[in-house]
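The next block holds one structure in the form of structure tokens; read it before the comments.
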Amino acid sequence: MSTSRARLPFARLGAGPLLTAGALLLPLAWSAPALAEELPPYATCTTTPTEADVAAAKGAFQAGQAAFNEADYTRAITYWEDAYRRDCTAHKLLINLARAYELNDQLGHAIRALETYNERVPDNPEQAQSATRIQRFKERLAQQAAQPGTPPPADPPPVTPPTGGPPEDDVTPPTDDGVRPLYPLFVAGGGAVLGIVGAVLYFPGQSTLSDFDEKCPNRRCPAGVDDSEANSARSQVTIGGILMGVGGAAIIGGTLWYFLQPKQPRSAEATRRNVAERSQLTPVVGQGFTGLSWSGSF
């Protein structure tokens, strides 16, 4: 009986701490696999991509580019991962992926992308910067692990990638603001043609008038002097001056129009350019005739 009474207090004291310790260790044991779990590495790049792979990779890259510019980082990641899977030699895509993963709060994936890039391109100029980013991401992950209850970001949903050409090498997404239509330059070019035609008319006519001014002072010609050539030269000077004025205005107006107009997509400009290339405007100067010749095809 004495032995039983000696052990009873010990049993009462030990049951509570054991249950408490078990309750505290259970969440840690449950979360241990999640903390120890690592992301699978990128597949080893041992094959050379075919032309079809490169074309499909470029299409996926461009689709991801558009999604990235729209701040849809989940879709950008999906497209760029598919692009790198198709062309594993385009290692610059890993830098793009790291940035997209960072903005999408998937720091573990960003670390994997940067570490893979440093391994596959050991002499890259971004190696020191990438190492700094990796360290910063690991510190942030440690801070997040110290705050329980924060669910990890969900994996991006599958998206069917398009087809296209090889992926770009630039880390910074390129911008394409389009091009300006070339019609204003054609107006300015037409003005230059008019100016040339006007000069061809004006200066010879002015020379002829100067000769007749010596023969016919005050526009009164003596007997025996035919003034019809002078009248023709006067008309020629008038027309030439008008053409030079209109041509100069067209040059200035066309140039200002070109630089002040908004840019348009390249596809629309290509259509206009094809039409413009099939038409030509050329000056024609001959004996007793001066004008413009236009030719085109459809």
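Oh and the sequence shown: position 113 is 113 in the numbering used here, straight run, nothing missing. Even glycine gets a Cβ: it sits at the ideal position worked out from N, Cα and C.
Q) Whose C-beta lies closer than 7 angstroms to the C-beta of S130 among residues of the same chain, with five residues either side of it excluded? A) L114, Y117, N118
Q.
Using only the alpha-carbon positions, how far apart do T208 and A230 sit?
A. 7 angstroms
Q) Hey, how far is the Cα of G108 from the Cα of P125? A) 23 angstroms
**Q.** Reference A100, options A110, K92, H91, closest by Cα
**A.** A110
**Q.** Beta-carbon proximity list for H91, same chain, < 7 angstroms, skipping 5 on both sides
**A.** Y117, R120, V121
Q: Measure how close the beta-carbons of G205 and V237 come, nearest whole angstrom, since I'm counting them as under 8 angstroms.
A: 4 angstroms
Q: Take the Cβ of N69 as the centre, count every other Cβ of all protein chains shown within 10 Å, and call the residue buried at 16 or more, exposed below.
A: exposed
Q: Keeping to the same chain, check which residues put their C-beta closer than 8 angstroms to that of A187; ignore five residues upstream and five downstream.
A: Sequence check: residue 187 is Val here, not Ala. These residues qualify, in order along the chain: A250, G253, G254, W257.
Q) Taking the continuous alpha helix (DSSP H) assigned at Q62, which residues delimit it? A) 51–69
(Q) Check this for me: beta carbons of A63 and R86, under 8 angstroms apart or not? (A) no
Q: Going by CA-CA distance only, name the one from G189, G198, A233 that's closest to S210.
A: A233
Q. For F137, is the classification buried or exposed, using 16 other Cβ atoms within 10 angstroms of its Cβ as the cut-off for buried?
A. buried
Q: Output yes or no for whether 8 angstroms exceeds the beta carbon distance between T89 and P49.
A: yes
Q: Measure the Cβ-Cβ separation of A83 and R75 and say whether it is below 8 angstroms.
A: no
Q: Return the Cβ separation of Y73 and L94 in integer angstroms, given the expectation that the two are a contact with Cβ distance under 8 angstroms.
A: Not confirmed; about 15 angstroms, so no contact.
Q | Per-residue burial, D169 [other beta carbons within 10 Å of its own, 16 or more giving buried] | A | Residue confidence for D169 is low, a pLDDT of 49 falling below 50, so the modelled location carries little weight; the figure read from the coordinates is stated next. D169 comes out exposed.
Q: At 4 residues or longer, and completely inside the stretch 179–244: list those alpha helix (DSSP H) runs for me, N to C.
A: 183–215
**Q.** Simplified DSSP assignment, three categories, for Q264
**A.** strand
Q. Going by Cα to Cα distance, which pick from E214, V179, L141, V197 is closest to L260?
A. V179
Q | Chain-order list of residues whose beta-carbon lies under 8 angstroms from that of M244 (same chain, five-residue window excluded) | A | L194, G195, G198, A199, Y202
Q.
I'd like to check one pair, G191 with G248: are the Cβ atoms closer than 8 angstroms?
A. yes
Q: Determine the direct distance from the alpha carbon of P40 to that of W30, and round the result to whole angstroms.
A: Unreliable placement is indicated for W30, whose pLDDT of 36 sits below 50; the coordinate value is still reported in the next sentence. If you take the alpha carbons of W30 and P40, they lie about 21 angstroms apart.
**Q.** Secondary structure of A90, DSSP reduced to three states
**A.** coil
Q. Taking only beta-carbon atoms, is T78 less than 8 angstroms away from chain B?
A. Of the chains in the structure shown, none is chain B; there is only one protein chain.
Q.
Taking 8 angstroms as the threshold (C-beta atoms), are Q264 and P181 in contact?
A. yes
Q | V121 (DSSP reduced to helix, strand or coil) | A | coil
Q: Would you tell me roughly how many angstroms separate the C-alpha atoms of E38 and A142, rounded to the nearest one?
A: 14 angstroms
Q. From L97 to W80, what distance separates their C-alpha atoms?
A. 7 angstroms
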